[in-house]
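Just so you know, the sequences run in chain order U and X. Once you know that position 148 of the first sequence is 148 in our numbering, the rest is easy, because the numbers rise by one and skip nothing. Plus 201 on top of the position in the second sequence (first one is 1) and you've got our numbering. Working notes, structure below.
Number of protein chains: 2
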Amino acid sequence: MRPANPKNKVQILEMAIPLFAKSGFNGVSMRDIAAVVGISAAALYYHFSDKQSLYLQAVAQAFANKDETLTKTLATDDPPEQRLYNFILKFSELIYQDANFLSLLIREMLDGDDERLQKLTRQVFRMQFSSIIDLCKELAPKFDPHLLAVSIIGQLVYHIETKQVRVYLKGGKPEHNDPEVIADHIFNLIMYGLKSNCSVE
Amino acid sequence: MRPANPKNKVQILEMAIPLFAKSGFNGVSMRDIAAVVGISAAALYYHFSDKQSLYLQAVAQAFANKDETLTKTLATDDPPEQRLYNFILKFSELIYQDANFLSLLIREMLDGDDERLQKLTRQVFRMQFSSIIDLCKELAPKFDPHLLAVSIIGQLVYHIETKQVRVYLKGGKPEHNDPEVIADHIFNLIMYGLKSNCSVE
DNA sequence: GTCTATATACCGATAGAC
DNA sequence: GTCTATCGGTATATAGAC
């Protein structure tokens with residue numbers, strides 16, 4: 001039978017990404033991927049040398065351009081506070097909209113060996129983390145910029161990561177999943193803390 | 202051959218916990234567990250009806266008493282600020298010392314279906330989250346207590362979760378992994394924010 | 001309570017036709 | 001580039017001896 005719709009590598013990767021995000025490397029078989037792509041499992045080996053190679057390329061594909069997108073929001077002429085808010089809102093929207101990206105990221109932090117994590121930080125986070133750290137230094141020289149950057153990103157990630165769980169916890173409301181509500185809350189907390197009356201409602 | 206050292210369920214669970222924490226449900230086989238326990242894979246089926254049952258009981262075992270421990274630090278006569286600091290430090294030490302607990306928790310949030318997540322929040326987090334929310338209301342009535350509680354726990358979890366990755370990021374220092382350094386940073390940030398000079402009290 | 005042996009299914013990967 | 005067929009290995013789980 002003549003193949004009606006031959007696939008290229010990127011198409012296959014894009015279809016594999018949600019599978020790996022949902023079930024992890026060990027939870028997805030080559031047959032599973034082949035099924036959603038619409039070809040046989042054997043055909044996957046024409047495009048990729050083995051399963052690990054397919055997985056790593058899928059992760060790289062899912063992470064591509066994320067760093068660039070975020071770094072751009074930090075490299076403007078706006079005042080530092082505005083740049084921080086823009087970054088927080090952009091990051092919030094990014095991980096809210098692209099659930100696969102966040103899942104794969106968390107899975108990589110759990111499963112990746114030292115070599116892969118090093119590569120990950122270089123490819124995905126280096127520029128962005130560098131920019132946010134410089135911004136932290138500018139905004140609050142008294143704070144350790146590394147700890148501060150992790151605190152900001154940690155809140156963003158965790159608010160989205162716990163989306164599914166939080167509805168069962170006390171005080172959970174639907175609007176807590178709105179990326180803008182999350183961003184406003186984090187910015188306000190980071191800037192002014194609990195003991196301030198400078199807060200912006 | 203006479204069995205030299207028969208195992209009970211709890212012993213098996215305790216030995217399975219680090220395996221599931223490190224490699225996840227799909228990354229651990231019944232043979233793997235049997236090997237570290239020191240019995241045959243078939244013998245596991247005397248204690249557990251199937252792999253899923255063993256896994257769920259291992260998770261329950263790993264999570265047992267965590268809620269109680271944390272809730273206790275919140276139920277004292279100390280002033281609210283002191284209670285918040287005690288909670289942050291205790292939580293920081295807890296997830297730093299028990300890496301299996303945090304790994305399993307994150308994996309459950311990725312893999313658990315709605316039913317399991319609901320059970321998880323009831324068993325592990327309900328009292329603790331309830332107490333921290335009441336404390337948040339007391340400390341900062343102007344903030345949404347749910348968002349605030351997630352921000353506090355999110356920072357704690359993320360600082361420890363990224364332990365392995367952060368060494369490759371700008372400004373990373375060994376002392377950033379000290380649970381007390383993390384706790385002090387988070388408490389200070391939460392209470393006073395970056396603009397501490399414009400706080401009222 | 002643990003063993004050996006085994007049933008059954010699925011896995012990753014390859015061979016060779018088209 | 002994709003197919004069918006298949007290999008060798010491993011998975012979960014069971015049967016039955018001790």
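Positions of the beta carbon are idealized from the N, C-alpha and C atoms, including for glycine.
For residue i, the first and last residue of its enclosing alpha helix (DSSP H)
i          : result
Gln-52(U)  : 51-63
Thr-272(X) : 267-275
Gln-329(X) : 327-340
Val-368(X) : No alpha helix (DSSP H) contains Val-368(X), which DSSP labels as neither H nor E.
Asn-86(U)  : 80-97
Phe-20(U)  : 9-23
Gln-324(X) : Segment: none, Gln-324(X) is in no alpha helix (DSSP H) and carries neither H nor E.
Pro-6(U)   : Looking at the DSSP string, Pro-6(U) is not in any alpha helix (DSSP H), and its letter there is neither H nor E.
Glu-376(X) : Neither: Glu-376(X) is in no alpha helix (DSSP H) and is coded neither H nor E.
For residue j and residue i, the rounded distance between their alpha carbons
i          : j          : result
Asp-312(X) : Lys-22(U)  : 7 Å
Ile-333(X) : Glu-376(X) : 27 Å
Gln-298(X) : Ala-384(X) : 14 Å
His-360(X) : Ile-296(X) : 10 Å
Gln-118(U) : Pro-280(X) : 43 Å
Asp-114(U) : Pro-207(X) : 38 Å
Ala-157(U) : Phe-101(U) : Reading the sequence as shown, one finds Val at residue 157(U) and not Ala. When rounded, the distance between both Cα atoms is 11 Å.
Pro-145(U) : Thr-76(U)  : 20 Å
Arg-2(U)   : Leu-120(U) : Note that Arg-2(U) scores a pLDDT of 44, beneath 50, so its modelled location is shaky and nothing firm can be said.
Gly-228(X) : Leu-306(X) : 16 Å
Leu-257(X) : Lys-273(X) : 26 Å
Val-165(U) : Ala-263(X) : 19 Å
Gly-239(X) : Met-231(X) : 12 Å
Ala-35(U)  : Ala-41(U)  : 8 Å
His-185(U) : Gly-193(U) : 11 Å
Leu-19(U)  : Phe-48(U)  : 17 Å
Phe-330(X) : Leu-271(X) : 10 Å
Tyr-247(X) : Ser-304(X) : 28 Å
Cys-399(X) : Tyr-286(X) : Any reading at Cys-399(X) must be qualified, since the residue scores a pLDDT of 48, below 50, and its modelled position is unreliable; no value is offered.
Gly-154(U) : Gly-373(X) : 15 Å
Cys-337(X) : Leu-214(X) : 36 Å
Asp-335(X) : Ala-64(U)  : 42 Å
Leu-370(X) : Met-392(X) : 26 Å
Leu-148(U) : Asn-8(U)   : 42 Å
Any C-beta of chain X under 8 Å from that of residue i
i          : result
Val-165(U) : yes
Thr-76(U)  : no
Glu-161(U) : yes
Ile-190(U) : yes
Lys-173(U) : yes
Lys-7(U)   : no
Minimum Cβ-Cβ distance from residue i to chain U less than 8 Å
i          : result
Pro-346(X) : yes
Val-358(X) : yes
Ser-230(X) : no
Ser-241(X) : no
Asn-301(X) : no
Val-351(X) : yes
Leu-305(X) : no
Lys-234(X) : Before going further, note that residue 234(X) is Ile rather than Lys in the sequence given. No, Ile-234(X) lies away from the interface with chain U (no Cβ there is under 8 Å from its Cβ).
Leu-271(X) : no
Lys-371(X) : yes
Lys-267(X) : no
Residue i Cβ short of 7 Å to the ligand ATP heavy atom set
i          : result
Val-157(U) : Ligands are entirely absent from the displayed structure, and the ligand ATP is therefore not among its contents.
Contact set between the segment 43-56 of chain U and chain X, restricted to residues whose Cβ is under 7 Å from the partner: Those would be none; no residue qualifies.
Quick one, which residues of the segment 279-296 of chain X are near chain U if we go by CB-CB under 7 Å, in chain order? Result list empty, no residue passes.
Could you list the residues in the segment 322-342 of chain X with a C-beta less than 8 Å from some C-beta on chain U, going in chain order? So the close ones are Thr-322, Arg-323, Phe-326, Arg-327, Phe-330, Ser-331, Ile-334, Leu-340, Ala-341.
Below 8 Å between beta carbons is the criterion; list the residues of the segment 310-322 of chain X that meet it against any residue of chain U, in chain order. For the segment 310-322 of chain X, which is checked against every Cβ of chain U, the residues closer than 8 Å are Met-310, Leu-311, Asp-312, Asp-315, Leu-318, Gln-319, Leu-321, Thr-322.
In chain order, what residues of the segment 211-231 of chain X put their CB closer than 7 Å to some CB of chain U? Taking a C-beta cut-off of 7 Å against chain U, the contacting residues of the segment 211-231 of chain X are Gly-225, Asn-227, Gly-228, listed in chain order.
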